[in-house]
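Novice: Before I ask anything, let me first share the structure, which is written out below as structure tokens.
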Amino acid sequence: MYEVRIHGRGGQGAVLAAEMLAMALVAEGKYAVSIPSFGFERRGAPVVSFLRASDREIRQMTNIYHPDCIICVDPTVANSVDIFAGLKPGGTLVQTTQKPLDALFIPDVVATVGLCDAVRISNEIFGRSITNTLMLGAFARTTGVVSLESLRQAIRDSEFRDAGLAQNLTALERGYAETVVHTIDRRVTL
Amino acid sequence: MSTIIETPPQATGNKVILCEGNEAAALAVALARPDMVAVYPITPQSSLVEHVAKLIAEGRMDADIVDAEGEHSVLSALQGGALAGARTYTATCGPGLAFMFEPYFRTPGMRLPLVMTIVTRDGITPQSVWGGHQDAMTVREAGWIQIYCESVQEVLDTTVMAFKIAEHHDVMLPVNVCLDGNYLSYGASRVEMPDQAEVDEFLGDKNVNWHVALDPLRPMAVDPLTGGSGGKGPSSFVRYRRGQCRGMQNALRVITEAHEEWAQRFGRRFAPLVESYRMDDAEFALMTLGSMTGAAKDTVDEAREAGKKVGLVKIKTFSPFPVEALKQALSGIKALGVVDRAVDFRWNCGPMYRETLGVLYRLGRHLPTASFIGGLAGADLTLEHFHRVIDATEALLDGPAPDEPVWLNAND
Chain A
1 MYEVRIHGRG GQGAVLAAEM LAMALVAEGK YAVSIPSFGF ERRGAPVVSF
51 LRASDREIRQ MTNIYHPDCI ICVDPTVANS VDIFAGLKPG GTLVQTTQKP
101 LDALFIPDVV ATVGLCDAVR ISNEIFGRSI TNTLMLGAFA RTTGVVSLES
151 LRQAIRDSEF RDAGLAQNLT ALERGYAETV VHTIDRRVTL
Chain B
1 MSTIIETPPQ ATGNKVILCE GNEAAALAVA LARPDMVAVY PITPQSSLVE
51 HVAKLIAEGR MDADIVDAEG EHSVLSALQG GALAGARTYT ATCGPGLAFM
101 FEPYFRTPGM RLPLVMTIVT RDGITPQSVW GGHQDAMTVR EAGWIQIYCE
151 SVQEVLDTTV MAFKIAEHHD VMLPVNVCLD GNYLSYGASR VEMPDQAEVD
201 EFLGDKNVNW HVALDPLRPM AVDPLTGGSG GKGPSSFVRY RRGQCRGMQN
251 ALRVITEAHE EWAQRFGRRF APLVESYRMD DAEFALMTLG SMTGAAKDTV
301 DEAREAGKKV GLVKIKTFSP FPVEALKQAL SGIKALGVVD RAVDFRWNCG
351 PMYRETLGVL YRLGRHLPTA SFIGGLAGAD LTLEHFHRVI DATEALLDGP
401 APDEPVWLNA ND
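From first to last, the protein sequence lines are chains A and B.
Counting from 1, one number per residue, gives the positions in the first sequence under full-length UniProt numbering.
Counting from 1, one number per residue, gives the positions in the second sequence under full-length UniProt numbering.
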């Protein structure tokens, strides 16, 4: 079982991102479940969604408390919520940021970090900050858990139409291409 | 959001899609080809009726839709539709179900085979808009068949089966398919879509008003005045009520047959009344209902690996209560923990727990039990919660049974 928690703010598409990722994984022959968190979601408020993937049938319909990977589609939501809560040791962070790695707080449990300046790119593509499809590209680049082609198809099969569809496909490609992946080599300090 | 995904080679030949429970219910309704739906949106049911409206607007479903001004009108309009011979459908929950109660109670009395999804929601007040079984549990005495689903696939398959069960001439009663608000309504999973032609064959031709009709060619008094203490009043009222009770008992057999035929045709087998999971050599068991069951089964697997002889009993058909099936499922165990997603205010326990006490009486021996209440108002029931249930139930084997319910989310 591979578990992902997506953090964002209302309006950035964190819930839809989990569904599109699930669609892509199902198309690859895997079992997948996506679940949104439940609260009074509204534009700008912190939002969480969950994604489980497995080669076998998934029976749990619950939230995720110990994810293998965190996708954070907003640059500042980590100031409001503990996005690293329960992350498994050796876990992965896929983060939108314009900062370099050494300017970020990265707890010891994180072993792999994918960084993507998704807000800037999204402003270039959409004229506003909608980062979910960009960050799906960043996730594919960072983890290799899902193929770019499956994500392309999931976006095509979603509700996007015309210009919006083209923009989101571009966002996916650029998220994949413009993500820098760091493997953190933890050293014991005496 | 749904999409048809290329069929993977290992699948059974059916189309595989990803969809939420609310959309699965809507797609199942489209497969059942109702003539009429009436709707009023309410959280967490809203996206279900939006999907139905969209399917009709796109021409993928050929039904009249009534966008009514409230749930009382929704069900009243559907009663008229059913009396005129239509296959009918709606969905609601929580306060909407409460507002619907007057026609809700009358529907089984008139023996109208409607299908209605309850996207279960906790009772207000305290104010909340999230899942829980309080709404469906509160109306469980009203004479509807109530069937609870564990997964999105089971929502889809059971919703189709519900029409066959409701319209069976030995039943002729309305059916609630209960799907958990939040975790199933918005949880999206991989599901296999049944083939339309196969579903058409499975459901057969509808014949929903052969017994009671608004039809100028067959004039009859519909729902005539009965009862009182004079003339044939008492005996005719008893005849109606007793027939209703007989229909409910017949439903136990018809539900079982429908699930068997579904398994034969579509290759997916669900326990129709009561599911026994790892019960063969179980010393004690927990009992679950609805979407909590998946996490509970995973917990049972972990506890088994740790050497605990625990099993799980899931109720699928809650009304009519599957007394005999449950009696058999519980026959070999020495302790039972029942997990409810609602409360029974009168007995200070969960409602499924209270119903189960009646079955224990028929077991003819003492079985130590405990009532666990959790998952209220959208609260999560995780593996950690079910490990606590398993430990507390195991402790009943050689300790006293609590006379208070255990509130699983009290410290969450």
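In this text, a Cβ means the ideal position worked out from N, Cα and C, and glycines have one as well.
Taking the CB atoms as reference points, tell me whether Gly109 of chain B and Asp35 of chain B lie closer together than 9 Å.
Specialist: As a working mapping, residue 109 of chain B is identified with position 109 in the second sequence. As a working mapping, residue 35 of chain B is identified with position 35 in the second sequence. It is not a contact, given that the beta carbons lie outside the stated cut-off.
Novice: If we ignore side chains and look at the alpha-carbon of each, how far apart do residue 419 of chain B and Gln249 of chain B end up?
Specialist: For chain B, the structure presents residues 1 to 412; residue 419 of chain B sits outside this window and is missing.
Novice: Going by DSSP, which residues form a beta bridge with Tyr89 of chain B?
Specialist: On the second sequence, position 89 is the one that residue 89 of chain B refers to. Partner(s): B:Val37, B:Val115.
Novice: May I ask you to list the residues that DSSP assigns as paired with Pro46 of chain A?
Specialist: Here residue 46 of chain A refers to the residue found at position 46 of the first sequence. Bridge partners of Pro46 of chain A: A:Arg9.
Novice: Verify whether the separation of the beta carbon atoms of Glu178 of chain A and Asp117 of chain A is less than 9 Å.
Specialist: Start at 1 with the first residue of the first sequence, and residue 178 of chain A comes out as number 178. Start at 1 with the first residue of the first sequence, and residue 117 of chain A comes out as number 117. A contact, by the Cβ cut-off of 9 Å.
Novice: Taking the C-alpha atoms as reference points, what is the distance between Val375 of chain B and Glu141 of chain B?
Specialist: As a first step, residue 375 of chain B is located in the second sequence; it is residue number 375 there, counting from the start. As a first step, residue 141 of chain B is located in the second sequence; it is residue number 141 there, counting from the start. According to the sequence as given, residue 375 of chain B is Gly; it is not Val. Answer to the nearest angstrom: the Cα atoms are 23 Å apart.
Novice: Looking at the C-beta of Tyr31 of chain A, does it have a partner C-beta in chain B at a distance below 9 Å?
Specialist: For the purposes of this step, residue 31 of chain A is taken as residue 31 along the first sequence, with counting starting at 1. Tyr31 of chain A counts as touching chain B.
Novice: With distances taken Cα to Cα, identify the nearest neighbour of Gly311 of chain B among B:Phe284, B:Lys327, B:Leu326, B:His51.
Specialist: Taking the second sequence and counting its residues from 1, the one referred to as residue 311 of chain B is at position 311. Per the Cα distances, B:Phe284.
Novice: Since residue 215 of chain A and Ile83 of chain A are thought to touch, with beta carbons under 8 Å apart, how far apart are those beta carbons, to the nearest angstrom?
Specialist: The first residue shown for chain A is 1 and the last is 190, placing residue 215 of chain A beyond what the model contains.
Novice: With DSSP as the reference, label Asp344 of chain B as helix, strand or coil.
Specialist: Position 344 of the second sequence holds residue 344 of chain B. Looking at Asp344 of chain B - three-state DSSP - the assignment turns out to be strand.
Novice: Pick helix, strand or coil for Ile184 of chain A, following the three-state DSSP scheme.
Specialist: Position 184 of the first sequence holds residue 184 of chain A. Coil.
Novice: Going by alpha carbons, who is nearest to Thr226 of chain B out of B:Glu260, B:Arg239, B:Phe321, B:Asp157?
Specialist: Taking the first residue of the second sequence as 1, we reach residue 226 of chain B at position 226. Ranking the options by Cα distance to Thr226 of chain B, first place goes to B:Arg239.
Novice: Excluding sequence positions up to five away, which residues of its chain have a Cβ less than 6 Å from the Cβ of His168 of chain B?
Specialist: Within the second sequence, numbered from 1, the residue matching residue 168 of chain B stands at position 168. Cβ within range, chain order: Val254.
Novice: Flag Ala171 of chain A as yes if its beta-carbon sits less than 9 Å from any beta-carbon of chain B, otherwise no.
Specialist: In the first sequence, counting from the first residue as 1, residue 171 of chain A sits at position 171. With 9 Å as the cut-off, Ala171 of chain A does not count as an interface residue toward chain B.
Novice: Is Phe284 of chain B helix, strand or coil by DSSP?
Specialist: By 1-based counting over the second sequence, the position of residue 284 of chain B is 284. Reduced to three states, the DSSP call for Phe284 of chain B is strand.
Novice: Along the chain, where does the alpha helix (DSSP H) containing Asp391 of chain B start, and where does it finish?
Specialist: As a working mapping, residue 391 of chain B is identified with position 391 in the second sequence. Its alpha helix (DSSP H) spans residues 383-394.
Novice: Is His259 of chain B buried or exposed, if buried means 16 or more other CB atoms sit within 10 Å of its CB?
Specialist: On the second sequence, residue 259 of chain B is found 259 positions in, with the first residue counted as 1. Buried, because 16 or more other Cβ atoms sit within 10 Å of the Cβ of His259 of chain B.
Novice: Please check the pair Thr369 of chain B and Val406 of chain B, which I expect to be a contact at CB under 8 Å, by giving their CB distance rounded to whole angstroms.
Specialist: Walking along the second sequence from the start, residue 369 of chain B turns up at place 369. Walking along the second sequence from the start, residue 406 of chain B turns up at place 406. No, Thr369 of chain B and Val406 of chain B are not in contact; Cβ-Cβ is about 12 Å, not under 8 Å.
Novice: Cutting at 7 Å between CB atoms, please list the residues of its own chain near residue 420 of chain B, excluding the five before and the five after it.
Specialist: As shown, chain B starts at 1 and ends at 412. That puts residue 420 of chain B outside it, with no answer to give.
Novice: Could you tell me the alpha carbon to alpha carbon distance between Gly123 of chain B and Leu27 of chain B, rounded to whole angstroms?
Specialist: Counting from 1 along the second sequence, the entry for residue 123 of chain B is found at position 123. Counting from 1 along the second sequence, the entry for residue 27 of chain B is found at position 27. One C-alpha to the other measures close to 28 Å.
Novice: For Trp130 of chain B, which residues does DSSP report across the bridge?
Specialist: Numbered from its first residue, the second sequence carries residue 130 of chain B at position 130. DSSP output for Trp130 of chain B lists no bridge partner at all.
Novice: Rounding to the nearest angstrom, what Cα-Cα distance links Gln328 of chain B and Pro95 of chain B in this structure?
Specialist: Residue 328 of chain B sits at position 328 when you count from the first residue of the second sequence. Residue 95 of chain B sits at position 95 when you count from the first residue of the second sequence. Approximately 36 Å, taken between the alpha carbons.
Novice: Applying the 10 Å Cβ sphere with the 16-neighbour rule, what's the burial state of Ala197 of chain B?
Specialist: Taking the second sequence and counting its residues from 1, the one referred to as residue 197 of chain B is at position 197. Per the 10 Å Cβ criterion, exposed.
Novice: Give the secondary structure of Lys15 of chain B by DSSP, where H, G and I count as helix, E and B as strand, and everything else as coil.
Specialist: By one-based count along the second sequence, residue 15 of chain B stands at place 15. If DSSP states are grouped into helix, strand and coil, Lys15 of chain B belongs with the strands.
Novice: Since Thr143 of chain A and Thr92 of chain A should fall inside the 8 Å C-beta cutoff, what is the C-beta to C-beta distance between them, to a whole number of angstroms?
Specialist: Looking up residue 143 of chain A in the first sequence gives position 143. Looking up residue 92 of chain A in the first sequence gives position 92. Between Thr92 of chain A and Thr143 of chain A the Cβ distance is about 6 Å, and since that is below 8 Å, they are a contact.
Novice: Residues bridged to Glu275 of chain B by DSSP?
Specialist: Indexing the second sequence from 1 puts residue 275 of chain B at position 275. Per DSSP, B:Lys314.
Novice: Going by beta carbon distance, what residues of the same chain come within less than 7 Å of Arg5 of chain A, once the five residues before and after it are set aside?
Specialist: Residue numbering aside, residue 5 of chain A sits at position 5 when the first sequence is read from its first letter. Taken in chain order, the residues that qualify are Val48, Phe50, Ile64, Pro67, Ile70.
Novice: Tell me which residue opens and which closes the alpha helix (DSSP H) that Thr131 of chain A is part of.
Specialist: Counted from its first residue, the first sequence places residue 131 of chain A at position 131. Taken as a continuous stretch (DSSP letters only), Thr131 of chain A belongs to no alpha helix (DSSP H), as it is neither H nor E.
Novice: Quick one: measure Cβ to Cβ for Leu78 of chain B and Thr92 of chain B, integer angstroms, because I've assumed they're closer than 8 Å.
Specialist: The residue given as residue 78 of chain B occupies position 78 in the second sequence. The residue given as residue 92 of chain B occupies position 92 in the second sequence. So it is not a contact: roughly 11 Å between Cβ atoms.
Novice: What are the residues that DSSP puts in a beta bridge with Leu51 of chain A?
Specialist: For the purposes of this step, residue 51 of chain A is taken as the residue at position 51 of the first sequence. The partner list for Leu51 of chain A (beta bridge, DSSP) reads A:Val4, A:Ser34.
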